[in-house]
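Student:
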């Protein structure tokens, strides 16, 4: 196995904490989420056991020599807003004791309108949370019903309003476009309304049909058909135009932020920096014993807790990564960003040979000549012509390993 030199000083870290439960499984969702029985709250004893397991998980990471201050903590799910503010505060406090939480550390909690309130947001702020991401998904009741959401448009707007007030505008709205019957003009109106609500960040995702979801089964049975690719492209272009006109920067293919409000956690991950994943099904990536390793925790909450309680650090799996695979993944993730990929940094970290073994530079040069990719002395980035073709370009550039 090729070795990678450890950095001279501890690297800044990002921490992802997964809460695996939600009140209802959405038909498009392929994340590790488990609906509670009859939509009831998570049992107090189960929640307490899970919190203890997550804190023990953090300590197990530390025992592996993973050190450094946290630039971000991100609570995802599932629906982490089902946790009580004091439970979140305990996890934040343990992260602080384990690594160190700085005054500028970004601490985000994903929220759904049905499990959010003015009181909750106030409690989150008191717990140390300084940013929330609200799963709005849509502003039309018909859209929300199709997506299997439990809230309506009025609840979504009210939740955003409360969040903006409590978090001083440090709010992301998650929305979805490209529904099979969706009209472009209606989407423009909804997006404009969202952009003018005082939020600082918006994530706009095209509806994709993932395997092992209810939507996948419905499409396979011919119950409905996804929007055509050309129509999807129209939605993508409209999203870029509307948000840019209203002061948002398209800093990643699906993410838009007002200047200075890009999500630090996601930027850290996309720039291929080390991050820790704790909780059922959580993914991580870090230097362990001189090697980059990808880690995955067991998905089932009960199995995850049992393994953590047995002090099994790899309560899932750990995969050492080869230099070519790390170079390729760093390129693939960095190309999603408007700033592009710092090729000079990748070659310094993983070696020129690893880049040559994993990337087709002839294909890259061809896309530069075609005006889809721009190349400088240090960076490679997409042009406006290539922005909507990322997946197609990567299929040509990445060498099968």
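Numbering (this note's numbering), first residue to last: 6 to 406. C-beta: ideal position from N, C-alpha, C; glycine also. Since we're looking at a predicted model, the values are computed, not measured.
(1) Which whole-angstrom value is the C-beta distance of residue 175 and residue 226, which I expect to be below 8 Å?
(2) How many Å lie between residue 426 and residue 402 at the Cα?
(3) Consult DSSP for residue 339 and reduce its assignment to one of helix, strand or coil.
(4) Taking just the CA atoms, how far does residue 260 sit from residue 386?
(5) Are the beta-carbon atoms of residue 195 and residue 145 separated by less than 8 Å?
(6) Below 8 Å on the Cβ atoms is my guess for residue 310 versus residue 54; work out the distance and round it to an integer in Å.
(7) Who are residue 432's beta bridge partners in DSSP?
(8) For the region 247–266 against the region 65–80, do three or more pairs of beta-carbon atoms, one drawn from each stretch, fall closer than 8 Å, so that the two count as touching?
(9) Only counting the same chain, and skipping five residues up and downstream in sequence, which positions put a Cβ closer than 6 Å to that of residue 394?
(10) Kindly identify the DSSP beta-bridge partner or partners of residue 108.
(11) Can you tell me which of 376, 375, 328, 337 puts its alpha carbon nearest to the alpha carbon of residue 418?
(12) Under the three-state reduction of DSSP, which class applies to residue 274: helix, strand or coil?
(13) Report the CB separation of residue 99 from residue 286 in whole angstroms; it is logged as a contact under 8 Å.
(14) Helix, strand or coil for residue 27? Go by DSSP, reduced to three states.
(15) Ordered along the chain, which non-local residues of its own chain (more than five positions away) have a Cβ less than 6 Å from that of residue 390?
(16) Helix or strand or just coil, what does DSSP make of residue 384?
(17) Where does residue 134 fall in DSSP's three states?
(18) Relative to the C-alpha of residue 120, which candidate in 324, 150, 161, 335 has its C-alpha closest?
(19) Name the residue from 269, 298, 89 whose alpha carbon lies nearest to the alpha carbon of residue 79.
(20) Can you name the start and end residues of the beta strand (DSSP E) that residue 234 belongs to?
(21) Determine the contact status of residue 139 and residue 93, defining contact as a CB-CB distance below 8 Å.
(22) Can you tell me where the alpha helix (DSSP H) holding residue 296 begins and where it ends?
(23) Skipping 5 residues on each side, what residues in its chain have a beta carbon closer than 6 Å to that of residue 345?
Tutor: In short, the structure shows the following:
(1) Indexing the chain shown from 1 puts residue 175 at position 170. Indexing the chain shown from 1 puts residue 226 at position 221. Between residue 226 and residue 175 the Cβ distance is about 42 Å, and since that is not below 8 Å, they are no contact.
(2) Missing from the structure shown is residue 426; the chain here goes from 6 to 406 and no further.
(3) For the purposes of this step, residue 339 is identified with residue 334 of the chain shown, where counting begins at 1. Helix, per DSSP.
(4) For the purposes of this step, residue 386 is taken as the residue at position 381 of the chain shown. For the purposes of this step, residue 260 is taken as the residue at position 255 of the chain shown. Distance between the alpha carbons of residue 386 and residue 260: 16 Å.
(5) Against the chain shown, residue 195 aligns to sequence position 190. Against the chain shown, residue 145 aligns to sequence position 140. Result yes, Cβ atoms of residue 195 and residue 145 sit closer than 8 Å.
(6) The residue given as residue 310 occupies position 305 in the chain shown. The residue given as residue 54 occupies position 49 in the chain shown. That pair is a contact at about 6 Å.
(7) Not covered by the structure: residue 432. The range shown for the chain is 6 to 406.
(8) no
(9) Counting from 1 along the chain shown, the entry for residue 394 is found at position 389. Excluding positions up to five away in sequence, the list is empty.
(10) One-based indexing of the chain shown puts residue 108 at position 103. None, per the DSSP bridge assignment.
(11) Outside the shown range of the chain, which is 6 to 406, sits residue 418, and nothing can be said about it.
(12) By 1-based counting over the chain shown, the position of residue 274 is 269. Here residue 274 sits in helix by DSSP.
(13) Here the question's residue 99 lines up with position 94 in the chain shown. Here the question's residue 286 lines up with position 281 in the chain shown. The pair is not a contact, with the Cβ atoms about 20 Å apart (cut-off 8 Å).
(14) The count along the chain shown starts at 1 and reaches residue 27 at position 22. Residue state, collapsed to three classes: strand.
(15) Translated into positions along the chain shown, residue 390 becomes position 385. Closer than 6 Å at Cβ, skipping near neighbours: 376, 377.
(16) By 1-based counting over the chain shown, the position of residue 384 is 379. Here residue 384 sits in strand by DSSP.
(17) As a first step, residue 134 must be located in the chain shown, where it is residue number 129. DSSP places residue 134 in coil when its eight states are reduced to three.
(18) Residue mapping note: residue 120 aligns to position 115 of the chain shown, counting from 1. When each option's Cα is compared against that of residue 120, the closest is 161.
(19) Residue numbering aside, residue 79 sits at position 74 when the chain shown is read from its first letter. With distances taken between Cα atoms, residue 79 lies closest to 269.
(20) For the purposes of this step, residue 234 is identified with residue 229 of the chain shown, where counting begins at 1. Residue 234 -> not in any beta strand (DSSP E); alpha helix (DSSP H) instead, spanning 234–250.
(21) Here residue 139 refers to the residue found at position 134 when the chain shown is read from its first residue. Here residue 93 refers to the residue found at position 88 when the chain shown is read from its first residue. In this structure, residue 93 does not lie closer than 8 Å to residue 139 by Cβ.
(22) Reading the chain shown from its first residue, position 291 is the one you call residue 296. From DSSP, residue 296 is part of no alpha helix (DSSP H) but of the beta strand (DSSP E) over 296–302.
(23) By 1-based counting over the chain shown, the position of residue 345 is 340. Result list for residue 345: 384, 385, 386, in chain order.
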